[in-house]
Amino acid sequence: MQIGQVQKETGLTRKAIEYAILQGFITPKTMENGYRDFDEQEVDLLKKIKVLRKLGLSGIEIQDVFSDNSTLQKCAAKKNTQIQLEQEKSKILEKLSESFDYQAASKSLKNLSQKETILQKLLDAFPGVYGELFSIHFAPFLNFSIQTQAQKQAYKKVVAFLDEIPPFEVPDELSDEIKKGAALLGKEKFHKIQLQTQSSIQNIDSFLEENEDMMNHYLTFRQSKEYYNSPVFKIQQLFLKFSQNYGYYTAFLPALRILSPSYCEYCKQMEKAEEKFLQKYPQAKALKKEI
């Protein structure tokens, strides 16, 4: 297929096709008459490149997509983080348009920049769906304002931790199962579950009373062979080992508690809720050792 036909087939300009050749995405054969001959596989690849370009991926990112399927998830997570941050910038701009308080806007942008740093480093440290879930979980607690020396030191510790740890790696067979589960759950449902969790720990007494049957079923399942053979348990154990090796629980989370007052308050509520849960279900103490 010659370049004119490829243009009609793909909707790409001649310049865009030549740029794809220059970047090494495709290598069409040159015929005796000097014209290039594109095969069906190359045309299909150009169509994919067009889609990825329209989605805002760079040339390097597109190359990575074709060499590693997980790159698409990383790009999606990065895009979601960018959208979230842009929405917050829009709110700052709206406030500025009403108050003309540039000093307040500057302070808000500085706080947002620190939040952006942590979210991006979370995505780097926990690739793919894991980084996205981590960023969704921690994002509500990152609207902090550094005001004390302790917070400054804590911020440095959080950033250093995320810079130094290697990416959390999971075997492909387990990773595929988690990706399926995350796809079925979706971000909206995950957000909903997160809000429900926060509500339940704030009203732990009524939650335990209203959900007694569910909790008994859950505890039975947690002690079953089905659970110990599940991808969730296996990944949990991998993460536990990873956390112990690199200080997730001993370095990262304690520093985050100092940095973010809202996260510190959330942890206190969780601890109180856990205490009441263990009082009602003492058999669950044995399960804590697995986490």
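In the working numbering, the protein residues as written are 23 to 313.
By construction, the Cβ of each residue, glycine as well, lies at the ideal position given by its N, Cα and C atoms.
Close-in-space but distant-in-sequence residues of the same chain around residue 31 (CB under 6 Å, 5 per side omitted): Residue numbering aside, residue 31 sits at position 9 when the sequence shown is read from its first letter. Once the five neighbours on either side are set aside, the close Cβ partners of residue 31 are 65.
If residue 132 sits next to residue 181, beta carbons under 8 Å apart, how far is it from one beta carbon to the other, in whole angstroms? Translated into positions along the sequence shown, residue 132 becomes position 110. Translated into positions along the sequence shown, residue 181 becomes position 159. 15 Å between Cβ atoms; not a contact.
Find out if the Cβ-Cβ distance for the pair residue 175, residue 241 is shorter than 8 Å. Against the sequence shown, residue 175 aligns to sequence position 153. Against the sequence shown, residue 241 aligns to sequence position 219. Here residue 175 is not near residue 241, since their CB atoms are 8 Å or more apart.
Please state whether DSSP places residue 103 in a helix, a strand or coil. Position 81 of the sequence shown holds residue 103. Correct three-state label for residue 103: helix.
Just checking my contact of residue 237 with residue 303 at CB under 8 Å: how many whole Å lie between their CB atoms? Your numbering for residue 237 matches position 215 in the sequence shown. Your numbering for residue 303 matches position 281 in the sequence shown. The C-beta distance from residue 237 to residue 303 rounds to 7 Å, short enough to meet the 8 Å contact threshold.
What separation, rounded to the nearest whole angstrom, lies between the Cα atoms of residue 45 and residue 218? For the purposes of this step, residue 45 is identified with residue 23 of the sequence shown, where counting begins at 1. For the purposes of this step, residue 218 is identified with residue 196 of the sequence shown, where counting begins at 1. If I take the Cα positions, the gap works out to 48 Å.
Quick one: which unbroken alpha helix (DSSP H) runs of 4-plus residues sit fully inside the stretch 73-100? Chain order, please. The qualifying runs are 81-89.
At what residues does the alpha helix (DSSP H) containing residue 228 begin and finish? Position 206 of the sequence shown, counting from 1, holds the residue named residue 228. Residue 228 -> alpha helix (DSSP H) spans 226-232.
Let me know if residue 52 comes out buried or exposed under the rule of 16 or more other beta-carbons within 10 Å of its beta-carbon. Position 30 of the sequence shown, counting from 1, holds the residue named residue 52. Exposed, because fewer than 16 other Cβ atoms sit within 10 Å of the Cβ of residue 52.
Have a look at the DSSP bridge pairing and note the partners of residue 52. For the purposes of this step, residue 52 is taken as residue 30 along the sequence shown, with counting starting at 1. Per DSSP, 58.
Under 6 Å Cβ to Cβ from residue 309, same chain only, skipping five residues before and after it: list those, please. Indexing the sequence shown from 1 puts residue 309 at position 287. Annotation for residue 309: 244 place their beta carbon closer than 6 Å to its own, counting only its chain and skipping 5 residues before and after.
What did DSSP end up calling residue 46 once you bin it into helix, strand or coil? Reading the sequence shown from its first residue, position 24 is the one you call residue 46. Residue state, collapsed to three classes: coil.
Ignore the nearest five residues each way along the sequence and tell me which others in residue 29's own chain have a CB closer than 8 Å to its CB. Along the sequence shown, one-based indexing puts residue 29 at 7. Contacts found: 35, 36, 39.
Measuring alpha carbon to alpha carbon, tell me which of 98, 126, 279 ends up nearest residue 111. Taking the first residue of the sequence shown as 1, we reach residue 111 at position 89. Residue nearest to residue 111 within the set 98, 126, 279 is 126 (criterion: CA-CA distance).
For residue 28, the first and last residue of its enclosing alpha helix (DSSP H): Here the question's residue 28 lines up with position 6 in the sequence shown. 25-32 is the extent of the alpha helix (DSSP H) around residue 28.
With H, G and I counted as helix, E and B as strand and the rest as coil, what does DSSP make of residue 122? Numbered from its first residue, the sequence shown carries residue 122 at position 100. If DSSP states are grouped into helix, strand and coil, residue 122 belongs with coil.
So, residue 122 versus residue 230, is the Cβ gap smaller than 8 Å? Along the sequence shown, one-based indexing puts residue 122 at 100. Along the sequence shown, one-based indexing puts residue 230 at 208. In terms of Cβ geometry, residue 122 and residue 230 do not form a close pair [threshold 8 Å].
Determine the DSSP secondary structure at residue 156, reduced to helix, strand or coil. Taking the sequence shown and counting its residues from 1, the one referred to as residue 156 is at position 134. When DSSP states are grouped into helix, strand and coil, residue 156 belongs to the helix group.
Got a sec, what are the start and stop residues for the alpha helix (DSSP H) residue 280 sits in? Reading the sequence shown from its first residue, position 258 is the one you call residue 280. First-last of the alpha helix (DSSP H) with residue 280: 275-281.
Using the three-state DSSP reduction, which class does residue 303 fall into: helix, strand or coil? Stepping through the sequence shown from its first residue, residue 303 is reached at position 281. Residue 303 carries a coil assignment under DSSP once its states are collapsed to helix, strand and coil.
Do residue 141 and residue 161 have their C-beta atoms closer together than 8 Å? As a working mapping, residue 141 is identified with position 119 in the sequence shown. As a working mapping, residue 161 is identified with position 139 in the sequence shown. Yes, they are a contact pair.
Helix, strand or coil: how does DSSP classify residue 164 here? Taking the first residue of the sequence shown as position 1, residue 164 is located at position 142. Three-state DSSP puts residue 164 in coil, outside helix and strand.
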